[in-house]
Structure formats: C-alpha cells, structure tokens
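Asks: Numbering (my numbering), first residue to last: 156 to 620.
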Amino acid sequence: YVFSHPEQPFSYRLLAKLHKLEPPKRFELTAAPAGEFLGPERLLERYGAMSQSELTDSSDRFQRSFLRNYDHQTYKVPYLIGKFTVLDAYPLTGSKYFSSGMAVVAQSVDVPNIFIEHMFPADKAHVASMQRILATGLIMEFRRSYDLSAIVHIGSLGDGRLLFTCVPLLYGPYGTTQNGAGFQLDPPKELNVQAGLPTVNVVQIENAERKLAEYRRATGTRVAAAAETPEKAPKSLTGTPELALAGGTQASGSTTQAPPNGGPGTAQPNALPPAPEAPPALVRIARALPVNPPPAPATMASPPRATLVKAAPVAAIPSPAVAAAVPVAQPVLTTSPPPDTTGRVGTWPTYRPGQMPRGRLLDVQQTSELVERGLGTEPMYLRGDFSVTAARENRAVLRPRQSLAERMLGRGNARIIVEYPRGLSAPAEGESFQRDAERPFQVVDVRRGADGQVNIYVREVTTAE
C-alpha cells in the first residue's frame, strides 16, 4: 500500500526517507510523458458531471503519477491548453505543497466555469520579479507547441465550477509580450505532500474574483475616459519581414492599431516575426525516418462546445462600443520569453545528415496545418524546395518553390524563418536549394501572423558533409 500510494502523506514521508522517491524532475520536450491536450471546454465536458468521489479518485491518480515522475505511465497525462485571465497570485512558502515560487489563480477566457491554480515553482530569488509580472488581469496562454502543464488535482468550487491544479513539467522560462519581463522556473527539491492540494482555499479564490472585478472596473473607467480622445490610441510601426531581415527600408507611415485586449495579433515594433526560443532539450541521437504523418488523434481535434452550467458573475466589463473605440493593450504570458531579435547567435546540437533524433517529416502544406493543432511533443522536421528571399547574419527567410497549380490553389504558401547556430552561416539572398529526409529543418513553432500569413519557425540541425 505504501509503495502504491505515494500521494498519501505517511507513504510519501516513508518513501522519501528510504530514498525510494526522487524529487520532481525537469522533463525535456522530446521525452515528456505521453498525454492529451485539453482545453476548458473539454475539461468541463469530461469532469463537469463527475461526483466528488470521482474527482478525488482522479486527483489521487494524477498526483500519484506526478510524484513518481510518471514512471511506468499507463494513461495519457492531461495537459492544459487555452487562455486564462489571472485573478491573483500568492507566494508559496514552506507550509505549502511547493515551498518556493508562486501559485496563480486564473479563470478561463472562454469558459468562465473553469478555474486553474497554476504552480510556478522557482528559487526564492525570482519571487519578487514573479510578483510584479503575475499581476491581476494578465493573460496566460498555454499552447500545444511547447506547453506541458500537467493537471495534478481537480476540485469543485460549487455552482458547476471546477478548479484544476497544474504543474509545468518543463520548468522552463516564461515572459510577457508587452515589456519583455520574464522569469525562470526550477523543479522543487522537496514537497510537502501533507499540506495537500489545492494550495489556495475558497476564501482566497473569492477574494481573487473581487480583485479582478475591481481591476476591470478600473480599466473600464480608464477606457471610457480615453474614448473622448481616440486620436491618442497607441500605434506601432510594422513593415515587410523580408525587408526588415535583409536590412531594407520600411515603408513610412505603415501603422497598425493593437487589437482589443492585446491578443496574440498585437503588432510589434520588430518587423520580422520573432523566432521563438525552444525549451532546452537533451535528445537521444537516432536516425530520422521519413514518415507520413498519421491522422490527428481525436484528442488533438477541436472539441465540440460543451453545455455550460451557470457561472458566478465575475466582473462588470466595459461595453463593446467603448472597448472597441480605444484598444487597450493587455500583456500575455507565454512559455518562452520574447526572443532577442538583435542578431544574437544561439547554440544547439547539430547532427550529421540522417542522424538527427527520430521524428515526423512534413512538407510545407502539412506543416501549415499545425497552426491550429500545435506541434505536440514529437520532433517535427520540414522538407521541400526553397528560395531565399532575405538573409542577414544567422537568420534567413525562405519561400517554398511552388508549381503553377499550387500557386493557383494557394497551397503551400507560407513564410519559413530559419535560424542558424553558431558556426553555420545563412544562405545568400536569391539562393535556391532543396532539403530532403537526410537534411530537414527542425520545426520550432508554427504561427499565423496578424496579416494572415503562416509563419513556420525552423532551425538548422544538420551539417553539410
């Protein structure tokens, strides 16, 4: 019983004293536990009708797997995805399940019945900056591409509302899209299982809801006042990515307004779409096999909208007319901090042709379809015929070479942004080349820009023989 139930405080203390349990470890993206990505609607659909005893059984199973570092995992780990608004954040102390860092209480943007308690374990030296960043009103976005926030506990808040406790298994860097502030997480060296989960109580959640309501009322007042002078709405300069990368001149007067609520499409001063920082990965070297991607599993497809139960009122939100009059920039917390776009040259493992880690080999059209599904945990590689439209230092912008039929059908039309590691130079502008199964690019992220263009971010991971 002791070995089978490490989530019980007595069992955990005994197993830890006998050194039969290791502290939580930092997983690599390519070696994370197999799982499924669940958005707020799927969470409500799956767990909303469960009884308290069923929720307790599920929570015990999730926590048991987490304490074992998912060794001998027999089920798919539920990973959180979606957008959530921060209600409040609380420092973690020695009396809590996690002894250092922050616990953030947030509410789903799309399904207000779903609340999360997201753990941000970190060294005490980072807590002060985390408190400044994890402020009320911040939007946290968890995506399939490289977010692995595992659900370890489920609780009921009454009135059909659920609270999910999540832990990021990668323990990577986080940053905001507005001012570049960020922090780094670290796995906890020890756990206080006796304190139990969740780490916040009902009173704290109620206070957090009131705090968000006050924040929204204050924000609404500022928006209403600013609506009288709409000409002062903030603007930002944009330009053509190819010109910006090659050091060209941007067209003067090209401005765009930030969308309401500062969504992911918010225009940034950098004309070139930033290349995302992939979490560090220690990969097993194996020969890459070109495979056709299998159909997307049901767990990755967009779920049907669940029937929502009545949610408790949260805040007085400004009227749509006022909110539309003056867009209010709202920072978004993402897994990787905003990357350095000043030409910094990074380093990562490179391999001889055909010797990179095993993964899925895709063409441009198949890669573009990952905008909605995300990359998942399996390595993805890009092949095809490309021409260089811009190049500078360690970065290049490529376009796929298309046939007349492909151009007419609009297939495979994407922008590929390649980053080259230290020691490897980018190709020259105007150059054309082909990449096959022996020398593909590794796909880091796939995003749709504010202009509707699909941007595929890749890295050079092979060396020429």
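In this text, a Cβ means the ideal position worked out from N, Cα and C, and glycines have one as well.
Predicted model, so just to flag it, every value in this text is computed and none were measured.
Less than 8 Å between the CB atoms is what I'm expecting for Ile294 and Thr240, so what's the real figure, rounded?
Replies: Indeed they touch by this definition, with Cβ atoms about 6 Å apart.
Asks: How many Å lie between Lys172 and Phe541 at the Cα?
Replies: So the two alpha carbons sit approximately 58 Å from each other.
Asks: What is the rounded straight-line gap between the Cα of Trp503 and the Cα of Pro343?
Replies: Each residue's alpha carbon lies about 26 Å from the other.
Asks: Are the beta-carbon atoms of Phe270 and Val259 separated by less than 8 Å?
Replies: Cβ distance not < 8 Å, so Phe270 and Val259 don't count as in contact.
Asks: Can you name, in chain order, every residue of its own chain whose Cβ lies under 6 Å from the Cβ of Ala479, other than the five neighbours on each side?
Replies: Because Ala479 sits at a pLDDT of 37, beneath the cut-off of 50, its placement in the model cannot be relied upon, and the point is left open.
Asks: When the Cβ atoms of the stretch 350-357 are set against those of the stretch 300-320, are three or more pairs found closer than 8 Å?
Replies: Contact between the stretch 350-357 and the stretch 300-320 is present, because at least three Cβ pairs lie under 8 Å.
Asks: I believe Pro323 touches Leu303 by the beta-carbon criterion, under 8 Å. Please report the beta-carbon distance rounded to the nearest angstrom.
Replies: With 8 Å as the limit, Pro323 and Leu303 qualify as a contact, their Cβ atoms being about 7 Å apart.
Asks: Who are the near neighbours of Thr320 in its chain, counting only those whose CB is closer than 6 Å to its CB and skipping five residues on each side?
Replies: These residues qualify, in order along the chain: Glu272, Val307, His308, Leu352, Pro353.
Asks: DSSP on Gly330, reduced to helix/strand/coil?
Replies: If DSSP states are grouped into helix, strand and coil, Gly330 belongs with the strands.
Asks: With 16 other CB atoms within 10 Å as the buried threshold, where does Pro534 fall?
Replies: It is buried - the Cβ of Pro534 has at least 16 other Cβ atoms within 10 Å.
Asks: Between which two residues does the alpha helix (DSSP H) holding Gly375 run?
Replies: Looking at the DSSP string, the run of the alpha helix (DSSP H) that includes Gly375 is 357-381.
Asks: Taking all protein chains shown into account, do 16 or more other C-beta atoms lie within 10 angstroms of the C-beta of Ala583, making it buried, or fewer, making it exposed?
Replies: Under this definition Ala583 is an exposed residue.
Asks: Use the C-beta contact count for Asp591: other C-beta atoms within 10 angstroms, 16 or more gives buried, fewer gives exposed.
Replies: Its Cβ having fewer than 16 others within 10 Å, Asp591 is exposed.
Asks: Tell me the rounded alpha-carbon separation between Tyr575 and Tyr612.
Replies: One C-alpha to the other measures close to 11 Å.
Asks: Run the proximity test for Lys344: is its beta-carbon closer than 7 Å to any non-hydrogen atom belonging to the ligand MG?
Replies: The ligand MG is absent from the structure shown, which contains no ligands of any kind.
Asks: Rounded to whole angstroms, what's the CA-CA distance from Ala363 to Ala204? Just pull it up for me.
Replies: Distance between the alpha carbons of Ala363 and Ala204 is about 25 Å.
Asks: Assign Ser587 to one of three DSSP states: helix, strand, or coil.
Replies: Reduced to three states, the DSSP call for Ser587 is strand.
Asks: Would you call Gln608 buried or exposed, if buried means 16 or more other Cβ atoms sit within 10 Å of its Cβ?
Replies: Classification for Gln608: exposed.
Asks: Whole-angstrom Cβ separation of Gln218 and His281, contact assumed at under 8 Å?
Replies: Gln218 to His281, Cβ: 25 Å. No contact.
Asks: Can you round the beta-carbon distance between Arg299 and Phe165 to whole angstroms, since I take them to be within the 8 Å contact cut?
Replies: Their Cβ separation, rounded to whole angstroms, is 38 Å, which puts Arg299 and Phe165 out of contact at 8 Å.
Asks: Work out the CA separation of Asn224 and Ser213 for me, nearest whole Å.
Replies: The alpha-carbon atoms of Ser213 and Asn224 are separated by roughly 17 Å.
Asks: Below 8 Å on the Cβ atoms is my guess for Glu593 versus Gly514; work out the distance and round it to an integer in Å.
Replies: Actually they do not touch by this definition, with Cβ atoms about 13 Å apart.
Asks: Taking Tyr370 and Gly292 to be in contact with their CB atoms under 8 Å, please state how far apart those CB atoms are, rounded to whole angstroms.
Replies: Going by Cβ atoms, the distance from Tyr370 to Gly292 rounds to 5 Å, so yes, they are a contact pair.
Asks: Quick one: which unbroken beta strand (DSSP E) runs of 3-plus residues sit fully inside the stretch 591-617? Chain order, please.
Replies: List check, beta strand (DSSP E) in window: 596-603, 609-614.
Asks: Measure the beta-carbon distance from Leu222 to Tyr167 and round it to whole angstroms, keeping in mind my assumption that it falls under 8 Å.
Replies: Going by Cβ atoms, the distance from Leu222 to Tyr167 rounds to 7 Å, so yes, they are a contact pair.
Asks: Could you give the first and the last residue of the continuous beta strand (DSSP E) run that contains Lys238?
Replies: First-last of the beta strand (DSSP E) with Lys238: 237-247.
Asks: What are the partner residues of Ser304, as DSSP defines its beta bridges?
Replies: Looking at the DSSP assignment, Ser304 forms a beta bridge with Pro323.
Asks: Short of 6 Å in beta carbon distance, which residues of its chain neighbour Ser621, apart from the five on each side in sequence? Order them along the chain.
Replies: In the structure as shown, the chain starts at 156 and stops at 620, and residue 621 therefore has no counterpart that could be examined.
Asks: Determine the DSSP secondary structure at Ser284, reduced to helix, strand or coil.
Replies: Three-state DSSP puts Ser284 in a helix.
Asks: List the endpoints of the continuous beta strand (DSSP E) containing Asp540.
Replies: Where Asp540 is concerned, the enclosing beta strand (DSSP E) stretches over 539-547.
Asks: Distance check for Thr331 and Leu530, CA to CA, integer angstroms please.
Replies: Approximately 21 Å, taken between the alpha carbons.
Asks: Give the DSSP bridge partners of Glu272, in chain order.
Replies: DSSP output for Glu272 lists Val260, Thr320 as bridge partner(s).
Asks: Using 10 angstroms around the beta-carbon of Lys175, count the other beta-carbons present and answer buried if the total reaches 16, otherwise exposed.
Replies: With fewer than 16 Cβ atoms within 10 Å of its Cβ, Lys175 is classed as exposed.
Asks: Rounded C-beta distance between Gln597 and Arg614? I'm assuming under 8 Å.
Replies: Right, their Cβ atoms sit about 5 Å apart.
Asks: Going by the DSSP bridge assignment, what does Val573 pair with across the sheet?
Replies: Ala551, Val613.
Asks: The alpha helix (DSSP H) with Glu162 in it runs from where to where?
Replies: Note, Glu162: premise wrong, no alpha helix (DSSP H); not H, not E.
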